[in-house]
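Just below is one structure, and these are the notes that go with it.
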Amino acid sequence: MAVPVPWFGMGKGCSGSTRITTRTPCGSTPGSGASARSGNRRIQRKSRVTAGKSDVAERSKRDIVCRDPAVSMTKVLPLLFACLLAVGCGGGPTFYMLSPDGPAPSGGGRGIGVGPVVLAEYINRPNLVIQESENSLAVASDHLWAGDLAGGVSRVMATNLGRRLGTGNVQAYPWQRDNEISQQVVIDIRQLHGGADGYALIEASYRVYALPGRNLKVSKNFTAKEPLEKDGYEPLVAAESRLLSRLADAIVASMR
22 MAVPVPWFGM
32 GKGCSGSTRI
42 TTRTPCGSTP
52 GSGASARSGN
62 RRIQRKSRVT
72 AGKSDVAERS
82 KRDIVCRDPA
92 VSMTKVLPLL
102 FACLLAVGCG
112 GGPTFYMLSP
122 DGPAPSGGGR
132 GIGVGPVVLA
142 EYINRPNLVI
152 QESENSLAVA
162 SDHLWAGDLA
172 GGVSRVMATN
182 LGRRLGTGNV
192 QAYPWQRDNE
202 ISQQVVIDIR
212 QLHGGADGYA
222 LIEASYRVYA
232 LPGRNLKVSK
242 NFTAKEPLEK
252 DGYEPLVAAE
262 SRLLSRLADA
272 IVASMR
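For what it's worth, this note's numbering labels the leading residue of the sequence shown as 22, then goes sequentially.
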């Protein structure tokens, strides 16, 4: 919905409100009875002629100003722009993406499979989540993930693990054939949100399996906090990306 912005000097705003003004006819003079009107007819006639000339001159000046495109457009365009800007400022939702440390490695290498990534129900939604107090959470209605959050975590973790392990052969779940994968990393994220204390929090667990036999090699928990560099949702997403980077460090350390 457009935000009403005053149209300064014209008595009319973008919301459609109009100011109505009245004007006394030029040359009208209050009378004081029939004798006064007859006795002062010549004076009134002269007054009307003088006032009429003055009124015509004044209207001519106004017409010149109003009909001069350079003058009228100079005044109107900034006001029109202000109204259009106000309409645009209503805005829609803002979308965010988690980011890896850098680009994924190219080439081959040992096959690593990432996923499935399982999210806690409270964050398995399009909206970013903020913890307001120990027992309450707030869901940001106009700040959304650009796509499925579980898929975003899988993509970032696949890139981060590939960079650390020096392999370009990292696939996100589901993949077609297990014989192309030597190790599978399954991730459960129980908490991933921002807090009123100015930190982003992650609480997760991960399991590493050897394929194709799917033998469990590693099962560990991971918890970390990362400070927000400044207030706002974009710094929150950046802090959550750094938490995924630290999770990748922990997983790689346990795989070696």
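Every residue, glycine too, gets a C-beta built ideally from N, C-alpha and C.
Alanine 225 and proline 147 have their C-alpha atoms roughly 20 Å apart. The residue among Ala245, Asp252 and Tyr227 with its C-alpha nearest the C-alpha of methionine 276 is Tyr227.
Assigned with DSSP and collapsed to three states, glycine 215 falls in strand. Residue nearest to alanine 274 within the set Glu250, Val239 and Glu261 is Val239 (criterion: CA-CA distance).
Within its own chain, the residues whose Cβ lies closer than 8 Å to the Cβ of glycine 168, once the five positions on either side in sequence are excluded, are Met118, listed in chain order. The three-state secondary structure of alanine 231, taken from DSSP, is strand.
Looking only at Gln152, Leu170, Ser154 and Asn200, the smallest Cα-Cα distance to serine 120 is reached by Leu170.
For the 9 Å CB-CB criterion, glutamine 204 and leucine 232 form a contact.
Runs of the beta strand (DSSP E) lying entirely within the stretch 116 to 179, each at least 3 residues long, are 133 to 140, 148 to 154 and 157 to 166 in chain order.
Nearest to glycine 183 by C-alpha distance, out of Val207, Val229, Ile133 and Ile144, is Ile133. In this structure, the beta-carbon distance from alanine 141 to leucine 213 falls below 9 Å.
Residue pairing by DSSP places glutamate 255 in no beta bridge whatsoever.
The bridge partners DSSP lists for glutamate 224 are Gln212 and Thr244. For glutamine 192, the uninterrupted beta strand (DSSP E) segment begins and ends at 191 to 193. Of the residues assessed, glycine 215 falls on the buried side of the cut-off, its CB having 16 or more other CB atoms within 10 angstroms. Look at leucine 237 here: in three-state DSSP terms it is strand.
Assignment of beta-bridge partners to glutamine 204 by DSSP yields Ile133 and Ala231. In the structure shown, the three-state DSSP call for glycine 183 is helix.
When DSSP states are grouped into helix, strand and coil, glutamate 250 belongs to the coil group.
Rounded to whole angstroms, arginine 131 and proline 137 show a C-alpha spacing of 19 Å.
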